[in-house]
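Using numbering that gives the first Met the number 0, you'd call the opening residue of the sequence shown number 0 and step up by one each time.
Written below as structure tokens is the structure these notes are about.
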Amino acid sequence: MKVGVVGVGSMGQHHARVYSEIQGVELVGVADRDYNKAKEIAGLYNCKAFSDYRELLPLIDAVSIAVPTELHGKIAIEFLKAGKDVLI
């Protein structure tokens, strides 16, 4: 399963780490408004970094959304409409 993480604060970093340790799961990329932070975390887990979470849409099967609460719905709906599994 190919997964991505949107938001690389402490919770997003936790999700990225866990995904990187699960057999059969490929952490494809992480996305964050702070592209430098996304690059830093992507470097730890040998995946791609994005500043726009929409770039993950064609690349993944599932996504963890670890952004501020008020953004959960907007982002989740975009992934759900694209047929992706979503963990908030």
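For glycine and all other residues, C-beta sits at the position ideal for the given N, C-alpha and C.
Note that the structure is a prediction, hence the values are computed from the model and not measured.
Sort out for me which residues DSSP pairs glycine 82 with in a bridge. For glycine 82, which the question treats as bridged, DSSP gives no partner whatsoever.
Residues of its chain near tyrosine 44, where Cβ-Cβ distance is below 6 angstroms and the 5 sequence neighbours each way are ignored: Ala15, Ser19 and Leu26
Three-state secondary structure assigned by DSSP to isoleucine 74: helix
Unbroken beta strand (DSSP E) run spanning serine 63, endpoints: 61 to 64
Report the partner residues of alanine 30 according to the DSSP bridge assignment. Val5 and Phe49
Provide the residue(s) that pair with glutamate 25 in DSSP beta bridges, ordered along the chain. Lys1
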